[in-house]
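S.K.:
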Amino acid sequence: MCGIAGFNWSDKSLIKSMTDSLILRGPNDSGFYVDKEVSIGSRRLSIIDLSKKGKQPISNEDGTKWIVFNGEIYNFLELKNELQKKGHRFRSDTDTEVIVHSYEEYGEKCVEKFNGMFAFAIWDSKKKELFIARDRLGVKPLFYCKNEKKFIFASEIKAIFRANIKKTIDEEALYFYLKYGYTPKDKSIFKDIFKLEPGCTLTLSKAIKIKRYWKADFSQKIAKNEEFFVSKIREYLDSSVKKRLIADVPVGAFLSGGLDSSAIVAYISKYKKDLKTFSVGFDYEQYNESKYAKIVSEKFETEHHEVYFSSNDAIKQIPFLVRYYDEPFADPSMIPTYMVSKVARKYVTVSLSGDGGDESFLGYNRYLYYKYISLQDKIPKAISKYMLKPLFSSLSHLSDKGVFHKAKQYLHFNELPDYERYSRLRSTFSQENEKNLFNGNYDFSLYYKPYFVYRNYLDNLSNADINTYLADDILTKLDRASMSVSLEARVPFLDYKFIEFSSKIPASLKLRGKETKYILKKSLMGILPKNIIYRKKQGFAFPLDIYLRNELKDSIKSSLTEKSELLEQHYKKEKNHANGLWAIYILKLWLDEFCKC
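Residues 1 to 597 in our numbering are what the sequence shown lists, from first letter to last.
If you want it as structure tokens, here you go:
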């Protein structure tokens, strides 16, 4: 695991400065390659082949192709064997060297052979080309800046700014942040700085050429019985976890006691008997999952490390996280994710995470709400109002960041296309409040439209979440939280072969009646305790509303105008504006930090 950076001119002191800014991503070593036309560098967190032979940049045999690489290729040993049979010779035992030889052998199509999480850049001195690639799901980040004749790339935006790039906020990206809590797709919060999207490559010669080499496909379904899917899910879980245990350093796992993290721990325990697991808790009982984590830990005999943080401990982390993320980011679970990463790093260098199961197996409660909203399309308007109230009363025990409230609020939008409904359900603010926040006429729902192409609306929701929320929120949070403490996080549910298989499972087997993740839960019967499989979903919860009404109340007030309607409604408990207030608060902190730069 590393932090990487580079640009299309020669400057050794600048590339050193850029990589120095990424030291938390790679504290063990640094390296550079500089010639007349390119400078590339890396900071290394040693995971595989801890010797000096693993130092980056690494080249092919004749030194015509140089690579810097962030991530892991889990099938590198098979690829290495294949390449050796074709005459390639290796100087190290690293996956990095396998990538550069794969590029030499297969060209740009080499990315199709890699199973892993990665962002890498290869300088081809023969072609005078820079080739950059990002993994299929977006586990590892890659930013780039195209400014006049200059091209700059890096794992984090902070490194790009070492090149004296002008810092100008992109107004549209800012509105997207306020709408969804993060900046989406290829955007960053800054003009002229972009993200290379997941599943894409970028080639720079005389111009920039971006190609998509992979995307999730929900169009083909497998017509088999439940037992077939149970067997295959178990096979994929086993294979995905086993691949991600390859390391020359200690490996552990996050364990919240939820379904996904518990499943990962169960499968790790088949191969690793001294497993260390990690969880955090807060000083509010309703947000603690410790008893469930303990059940799983005891069953699989892990060495469990559980740390409780007070509200003051949690709040103290916010300024650092705002600085480290480089962009405003309003998912409050960034705090517990960072805190559990801090705990894990005391004991291990690699930790496996359960992220990705909700998006691929329909685990969020919003899928269930949307299922009931969609029923209105089949109900005559004249009678729908008499039927929908009891329908939603039956769902009143569920909660998903206010989505239940939003579902009721937006029921009358049955004339809207699915992607626009979904956009509104994902929104931080109500339509009324958005009118007061946003200048200009932005149709944010168009952001989701490309993902609503399948016949089944649940497939469309899963597709949208995998391509947007997962990549730009969940995986951004996991990467920054773990890398800020020099910890590598691996995600077995996001093995691309597992995703390709799960997309072929009929949606009716993922959401069965009111049961989310139906087929995944059935697959884990006999592996996990029943009270873990069927417990109420909590997620990586954070007591945001409590903090906003108490510990953060004064800070929030100072972030808004004195007579803010949002504040008044929230503190009078007329409406729940917790997510909106938090987004504004984080933006205020980020702007204060940004203006110092």
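Each residue gets a CB set at the ideal place from its N, CA and C atoms; glycine is no exception.
Note down the Cα distance separating G356 from A471, rounded to an integer number of angstroms.
M.R.: Numbered from 1 along the sequence shown, position 356 holds the residue referred to as residue 356. Numbered from 1 along the sequence shown, position 471 holds the residue referred to as residue 471. Distance between the alpha carbons of G356 and A471: 10 Å.
S.K.: Where in the region 152-190 do unbroken runs of the beta strand (DSSP E), each at least 3 residues long, occur, reported from the N-terminal end onward?
M.R.: Fully enclosed beta strand (DSSP E) runs of 3 or longer: not present.
S.K.: Measuring alpha carbon to alpha carbon, tell me which residue in L24, N28 and R43 is nearest I15.
M.R.: Residue mapping note: residue 15 aligns to position 15 of the sequence shown, counting from 1. Ranking the options by Cα distance to I15, first place goes to R43.
S.K.: DSSP state of D124, grouped into three classes?
M.R.: Within the sequence shown, residue 124 is the residue found at index 124, counting from 1. Looking at D124 - three-state DSSP - the assignment turns out to be strand.
S.K.: Please confirm whether K187 and S427 have their CB atoms less than 7 Å apart.
M.R.: Taking the first residue of the sequence shown as 1, we reach residue 187 at position 187. Taking the first residue of the sequence shown as 1, we reach residue 427 at position 427. Not a contact, by the Cβ cut-off of 7 Å.
S.K.: Kindly list the residues whose CB is nearer than 6 Å to the CB of S399, restricted to its own chain and excluding five residues on each side of it in sequence; keep chain order.
M.R.: Along the sequence shown, read from residue 1 onward, the residue named residue 399 stands at position 399. Residue placement at S399 is poorly supported in this model, since its pLDDT is 48, which falls under 50; the coordinates still yield a value, given next. Here the set comprises nothing.
S.K.: Kindly confirm or deny that the region 443-458 and the region 472-481 touch, where touching means at least three C-beta pairs closer than 8 Å.
M.R.: No: fewer than three Cβ pairs fall under 8 Å.
S.K.: Let me know the secondary structure DSSP gives G358 once reduced to three states.
M.R.: In the sequence shown, residue 358 corresponds to position 358, counting from 1. Per the sequence shown, residue 358 should be read as Asp rather than Gly. Reduced to three states, the DSSP call for D358 is helix.
S.K.: Give me the DSSP bridge partner(s) of A235.
M.R.: The residue given as residue 235 occupies position 235 in the sequence shown. Looking at the sequence provided, one finds Glu at residue 235 rather than Ala. BP columns for E235 are empty, so no partner.
S.K.: How many angstroms separate the CA atom of V241 from the CA atom of L24?
M.R.: Residue mapping note: residue 241 aligns to position 241 of the sequence shown, counting from 1. Residue mapping note: residue 24 aligns to position 24 of the sequence shown, counting from 1. Their Cα atoms are separated by approximately 26 Å.
S.K.: Using the three-state DSSP reduction, which class does D400 fall into: helix, strand or coil?
M.R.: Here the question's residue 400 lines up with position 400 in the sequence shown. With a pLDDT of only 48 at D400, under 50, the local geometry of the prediction cannot be trusted, and the value read off the model is given with reservation. D400: coil per DSSP, three-state reduction.
S.K.: If contacts are defined as beta-carbon pairs under 8 Å, then N433 and G258 qualify, I think. What distance do you get, rounded to the angstrom?
M.R.: Position 433 of the sequence shown holds residue 433. Position 258 of the sequence shown holds residue 258. Between G258 and N433 the Cβ distance is about 32 Å, and since that is not below 8 Å, they are no contact.
S.K.: So does the region 527-535 actually touch the region 310-327, counting three or more Cβ pairs closer than 8 Å?
M.R.: The region 527-535 is not in contact with the region 310-327.
S.K.: Under DSSP, the alpha helix (DSSP H) around I335 begins and ends at which residues?
M.R.: Locating residue 335 in the sequence shown gives position 335, counting from the first residue. Per DSSP, I335 belongs to the alpha helix (DSSP H) from M334 to R345.
S.K.: Pop quiz: S102 and T64 are said to be a contact at Cβ under 8 Å. What is the actual Cβ separation, rounded to whole angstroms?
M.R.: Locating residue 102 in the sequence shown gives position 102, counting from the first residue. Locating residue 64 in the sequence shown gives position 64, counting from the first residue. Their Cβ separation, rounded to whole angstroms, is 15 Å, which puts S102 and T64 out of contact at 8 Å.
S.K.: Could you check if L77 is buried or exposed, using at least 16 other CB atoms within 10 Å of its CB as the buried criterion?
M.R.: Walking along the sequence shown from the start, residue 77 turns up at place 77. Exposed, since its Cβ has fewer than 16 Cβ neighbours within 10 Å.
S.K.: May I ask you to report which of helix, strand or coil DSSP gives K85?
M.R.: Here residue 85 refers to the residue found at position 85 when the sequence shown is read from its first residue. Of the three classes helix, strand and coil, the one that applies to K85 here is helix, per DSSP.
S.K.: Less than 7 Å separating the beta-carbons of T183 and Y175?
M.R.: Here residue 183 refers to the residue found at position 183 of the sequence shown. Here residue 175 refers to the residue found at position 175 of the sequence shown. No, the pair does not count as a contact, with Cβ atoms beyond the cut-off.
S.K.: On the criterion of 16 or more Cβ atoms from any shown chain inside 10 Å, does P336 qualify as buried, or is it exposed?
M.R.: One-based indexing of the sequence shown puts residue 336 at position 336. Buried, because 16 or more other Cβ atoms sit within 10 Å of the Cβ of P336.
S.K.: In whole angstroms, give me the CA-to-CA distance for K243 and N75.
M.R.: Along the sequence shown, read from residue 1 onward, the residue named residue 243 stands at position 243. Along the sequence shown, read from residue 1 onward, the residue named residue 75 stands at position 75. About 8 Å.
S.K.: Given a threshold of 16 other Cβ atoms within 10 Å of its Cβ, counted over all protein chains shown, does T168 qualify as buried or as exposed?
M.R.: Position 168 of the sequence shown holds residue 168. Under this definition T168 is an exposed residue.
S.K.: Quick one: what does DSSP say F289 is sitting in, helix, strand or coil?
M.R.: Start at 1 with the first residue of the sequence shown, and residue 289 comes out as number 289. According to the sequence as given, residue 289 is Glu; it is not Phe. Three-state DSSP puts E289 in coil, outside helix and strand.
S.K.: Quick one: residues in its chain with C-beta nearer than 7 Å to the C-beta of E104, no 5 flanking neighbours on either side, listed in chain order?
M.R.: By one-based count along the sequence shown, residue 104 stands at place 104. These residues qualify, in order along the chain: N60 and K65.
S.K.: Going by the DSSP bridge assignment, what does K497 pair with across the sheet?
M.R.: Within the sequence shown, the letter at position 497 stands for residue 497. DSSP lists no partner for K497.
S.K.: Which value, in whole angstroms, describes the spacing of the CA atoms of I268 and Y213?
M.R.: For the purposes of this step, residue 268 is identified with residue 268 of the sequence shown, where counting begins at 1. For the purposes of this step, residue 213 is identified with residue 213 of the sequence shown, where counting begins at 1. So the two alpha carbons sit approximately 31 Å from each other.
S.K.: Can you give me the C-alpha to C-alpha distance between D418 and S311, rounded to a whole angstrom?
M.R.: Translated into the one-based positions of the sequence shown, residue 418 becomes position 418. Translated into the one-based positions of the sequence shown, residue 311 becomes position 311. Their Cα atoms are separated by approximately 39 Å.
S.K.: Looking at C-alpha atoms only, which residue of W9, Y547, S558 and N456 is the closest neighbour of P332?
M.R.: What you label residue 332 is simply residue 332 of the sequence shown in a count that begins at 1. Comparing Cα positions, the closest option is Y547.
S.K.: Among residues of its own chain, excluding the 5 on either side of K215, which ones have a beta-carbon nearer than 7 Å to its beta-carbon?
M.R.: As a first step, residue 215 must be located in the sequence shown, where it is residue number 215. G199.
S.K.: Under three-state DSSP, which class holds E39?
M.R.: The sequence position of residue 39 within the sequence shown is 39, counting from 1. Reading off the sequence, residue 39 comes out as Ser, not Glu. Three-state DSSP puts S39 in a strand.
S.K.: Which class does T468 belong to by DSSP, given the choice of helix, strand or coil?
M.R.: For this step, residue 468 is matched to residue 468 along the sequence shown. The answer is helix: DSSP assigns T468 an H, G or I state.
S.K.: Distance check for H577 and Q431, CA to CA, integer angstroms please.
M.R.: Looking up residue 431 in the sequence shown gives position 431. Looking up residue 577 in the sequence shown gives position 577. Near 13 Å, if we compare the C-alpha coordinates of H577 and Q431.
S.K.: To the nearest angstrom, how far is it from the Cα of K401 to the Cα of D217?
M.R.: In the sequence shown, the residue the question calls residue 401 occupies position 401. In the sequence shown, the residue the question calls residue 217 occupies position 217. With a pLDDT of 48 at K401, under the threshold of 50, the modelled position of this residue cannot be trusted; read the value that follows with caution. Each residue's Cα considered, the two are about 28 Å apart.
S.K.: At what residues does the beta strand (DSSP E) containing S30 begin and finish?
M.R.: Mapped onto the sequence shown, residue 30 falls at position 30. S30 -> beta strand (DSSP E) spans D29 to V34.
S.K.: Alpha carbon to alpha carbon, how far is P57 from D443? Give it in angstroms, no decimals.
M.R.: By one-based count along the sequence shown, residue 443 stands at place 443. By one-based count along the sequence shown, residue 57 stands at place 57. Rounded to the nearest angstrom, the two C-alpha atoms are 43 Å apart.
S.K.: Looking at G116 and E72, is the spacing between their C-beta atoms short of 7 Å?
M.R.: Here residue 72 corresponds to residue number 72 of the sequence shown, with the count starting at 1. Here residue 116 corresponds to residue number 116 of the sequence shown, with the count starting at 1. Yes, the pair counts as a contact, with Cβ atoms nearer than the cut-off.
S.K.: Using only the alpha-carbon positions, how far apart do E306 and D283 sit?
M.R.: To locate residue 306, count along the sequence shown from 1; it is residue 306. To locate residue 283, count along the sequence shown from 1; it is residue 283. Using only the alpha carbons, I get a separation of about 13 Å.
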